[in-house]
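Residue numbers for the sequence shown follow numbering that gives the first Met the number 0, beginning at 0 and rising by one.
Each residue gets a CB set at the ideal place from its N, CA and C atoms; glycine is no exception.
Presented below is the structure to which this report refers.
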Amino acid sequence: MKFGGTSIASIERIRNVARHIARERQLGHDIAVVVSAMAGKTNELAGWCEEAAKLCDRREYDAVVASGEQVTAGLLAIVLQEQGIAARSWQGWQIPILTSNEHGSARIKHIGAAAILDGFAARGEVAVIAGFQGLHKESGRIATLGRGGSDTSAVAVAAALGAVRCDIYTDVDGVYTTDPQIVPKAKRLDRVAFEEMLEMASLGAKVLQVRSVELAMVHKVKTFVRSSFDDPGGFKQGTLICGEEDIVESQVVTGIAFSRDEAQITLRRVADRPGIAAAIFMPLAEANINVDMIVQVASEDSGVTDITFTVSAADFARAQTILFKAQPEIGFSSQHGASDVVKISAIGVGMRSHAGVAALAFKALAEKGINIRAITTSEIKFSVLIEAAYTELAVRTLHTLYGLDKA
Ligand code: ASP
Ligand code: MG
Numbered sequence: 000m001k002f003g004g005t006s007i008a009s010i011e012r013i014r015n016v017a018r019h020i021a022r023e024r025q026l027g028h029d030i031a032v033v034v035s036a037m038a039g040k041t042n043e044l045a046g047w048c049e050e051a052a053k054l055c056d057r058r059e060y061d062a063v064v065a066s067g068e069q070v071t072a073g074l075l076a077i078v079l080q081e082q083g084i085a086a087r088s089w090q091g092w093q094i095p096i097l098t099s100n101e102h103g104s105a106r107i108k109h110i111g112a113a114a115i116l117d118g119f120a121a122r123g124e125v126a127v128i129a130g131f132q133g134l135h136k137e138s139g140r141i142a143t144l145g146r147g148g149s150d151t152s153a154v155a156v157a158a159a160l161g162a163v164r165c166d167i168y169t170d171v172d173g174v175y176t177t178d179p180q181i182v183p184k185a186k187r188l189d190r191v192a193f194e195e196m197l198e199m200a201s202l203g204a205k206v207l208q209v210r211s212v213e214l215a216m217v218h219k220v221k222t223f224v225r226s227s228f229d230d231p232g233g234f235k236q237g238t239l240i241c242g243e244e245d246i247v248e249s250q251v252v253t254g255i256a257f258s259r260d261e262a263q264i265t266l267r268r269v270a271d272r273p274g275i276a277a278a279i280f281m282p283l284a285e286a287n288i289n290v291d292m293i294v295q296v297a298s299e300d301s302g303v304t305d306i307t308f309t310v311s312a313a314d315f316a317r318a319q320t321i322l323f324k325a326q327p328e329i330g331f332s333s334q335h336g337a338s339d340v341v342k343i344s345a346i347g348v349g350m351r352s353h354a355g356v357a358a359l360a361f362k363a364l365a366e367k368g369i370n371i372r373a374i375t376t377s378e379i380k381f382s383v384l385i386e387a388a389y390t391e392l393a394v395r396t397l398h399t400l401y402g403l404d405k406a
C-alpha cells in the first residue's frame, strides 16, 4: 500500500490511513506500506536547499529532501502501534533499498526483502517504508529517486516482496480518460493496460511517476490506483493497471493526455545533406537535453530545408544557446522558438488494429480551426503540437470524437 502526500498531510489523515491498513490486515494480508512526505513538505525542503545555495551539492540536497518521508514513516508506525497494530518504520538504508548514485534522480538497483519478510513471519509486523529514498552503497550516501519517486519505491517493494498487488492511494479515485478539470465529462477507467499507462504518464497525466509504471510493466505488478479519501470500510473503486490480456473490452482510444511543458524550436534554411541531423542533435544530447517531436521538410532544388523539433520547457533556453553556439557547424540561417505550445496525445492499445485513428483527429481539429505544428505517432498513440491557447478546445474535441464522453 502506498500513500501520497495529501493522504498523510496531518495526524488526522494518518489515522485514516491506519484504518485502511487495519482493513487489509483483517483480510489476512501481510502489509508493507510506502509513504510520501506530507503534502508540500518536499517542495519546502527543496526550496530551502535552493535558498542556501543556487547550485547546491546534490548529495546534501538528497540528505535534506529525503527527510520528509522519514517523518511520515515514523508517524504512521506510531499511529498503528497506538491502534494495537504491530508496526515499525524503515528508512531506505535500513532495508536496504540500494540505488545508483544519480542524486536527485537515482534508480533502484536492489531491495533486500529478507528483514521485512522476517518482520511479517516473526512478529506480524506492518513494515512502514519511507518512499523516495535509498542508499548508494559504494559511497554510503542517501539518494532520492526524483520527484514523485515514492510511487516507484512502492512498485519496487511490491516486486521485491512478490506482493499480490500494489495499491496506490492518492487524492483521486483512479485514472481518468483525461483531466476532469478540463473535461468535466472525463470518466474513471476501470482498467488500463501497462503500456497505455506508461504512455499516459509520459505524455502528461500526473497520477503516477513514469518509472513506477515501467517497473510495474517489467515485473508485472498489478497496480491499483484508488483514493484514501474513500470510506476505509466502504466499497472500493479505482483503476487497475494490468496486462492487456486482463482487459476484456477496450476502446480504440483509452485516454487523452496533454503536456504544457513543451517548447518548439525551428531552424531555417539548414543544408539538406548527410550529417546535418547529427550536427543539430548531438550537441543537445551531450547536454542531456531530450528532443521529442522532429519534423523535417523535404527540400526542393535549393538544397536547404527547415527543421522543427520540441524540447521540454525547462531545457528551452539552454537548447537555444547550444544551437546558436553550433550555428557555424550546422549552418542554419535563423532560429525561431515558441514556448506557448502544448502537446496533446491520444492513447490506446486498440490503435494497433485500427486504421485512420489519427486522421479523424486531424480532421476534427481542422474543423475547429486549430493548426497542427508537428505530429508524431507510434503503435499505440499519436501526439500533435498546437498553440497553447487551444488546449481545452482540443482536448474536449478529441475526448468527444473518440466516444469518451459516454462511459
Ligand atoms: N515526496 C516526494 C515528492 O514530493 C516523493 C513523492 O511524493 O512521491 O516528490
Ligand atoms: Mg505522487
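Distance CB(A114)-CB(W89) smaller than 9 Å: yes
Using C-beta distances below 6 Å, list every residue in its chain close to G145, excluding the 5 sequence neighbours before and after it, in chain order. S104
Please report how far the alpha carbon of A17 lies from the alpha carbon of A158, in whole angstroms. 23 Å
Where F381 falls: helix, strand or coil (DSSP): strand
Any residue with its Cβ nearer than 6 Å to a heavy atom of the ligand MG should be included. What is that list in chain order? G3, G147 and D150
Using the three-state DSSP reduction, which class does Y175 fall into: helix, strand or coil? strand
With 16 other Cβ atoms within 10 Å as the buried cut-off, status of S332: Label assigned to S332: exposed.
As a quick exercise: from A313, D305, I385 and R268, pick the residue whose alpha carbon is nearest that of D260. A313
C-beta atoms of T238 and D166 nearer than 9 Å: no
From the DSSP output, in three-state form, read off L397 for me. Looking at L397 - three-state DSSP - the assignment turns out to be helix.
For E101, verify whether its CB is less than 8 Å away from any heavy atom of the ligand ASP. no
CB-CB length for S152 against N100, believed under 8 Å: Contact flag wrong, Cβ pair sits at about 17 Å.
Can you tell me whether DSSP reads H218 as helix, strand or coil? helix
Is the beta carbon of G67 closer than 9 Å to that of A86? No, these two residues do not count as a Cβ contact at 9 Å.
Report the CB separation of T396 from A363 in whole angstroms; it is logged as a contact under 8 Å. 5 Å
Return yes when the C-beta of N42 is under 8 Å from any heavy atom of the ligand ASP, and no when it is not. yes
Taking all protein chains shown into account, do 16 or more other C-beta atoms lie within 10 angstroms of the C-beta of F323, making it buried, or fewer, making it exposed? With fewer than 16 neighbouring CB atoms inside 10 Å of its own CB, F323 falls in the exposed class.
Specify the secondary structure class of V33 as computed by DSSP and reduced to three states. Here DSSP, grouped into helix, strand and coil, assigns V33 to strand.
DSSP three-state label for T320, please. Three-state result, T320: helix.
Verify the contact flag: E49, CB atom, against every heavy atom of the ligand ASP, threshold strictly below 8 Å. No, since every heavy atom of the ligand ASP falls outside the 8 Å radius drawn around the Cβ of E49.
Just reading off the alpha helix (DSSP H) that C48 is part of, what are its end residues? K40 to A51
Buried or exposed by the 16-neighbour rule on C-beta atoms within 10 Å, applied to I10: exposed
Which word fits K367, buried or exposed, when buried means at least 16 other C-beta atoms lie within 10 angstroms of its C-beta? K367 is classed as exposed because its beta carbon has fewer than 16 other beta carbons within 10 Å across all chains shown.
Are the CB atoms of V356 and V251 nearer to each other than 9 Å? yes
So, at 6 Å on beta carbons, what are the nonlocal neighbours of I181 in its own chain, with the 5 sequence-adjacent residues on each side left out? E391 and V394
Does the beta-carbon of A36, which I'm using as the reference point, lie nearer than 8 Å to any heavy atom of the ligand ASP? yes
Checking the sheet assignment: what are the DSSP bridge partners for L239? R190 and F223
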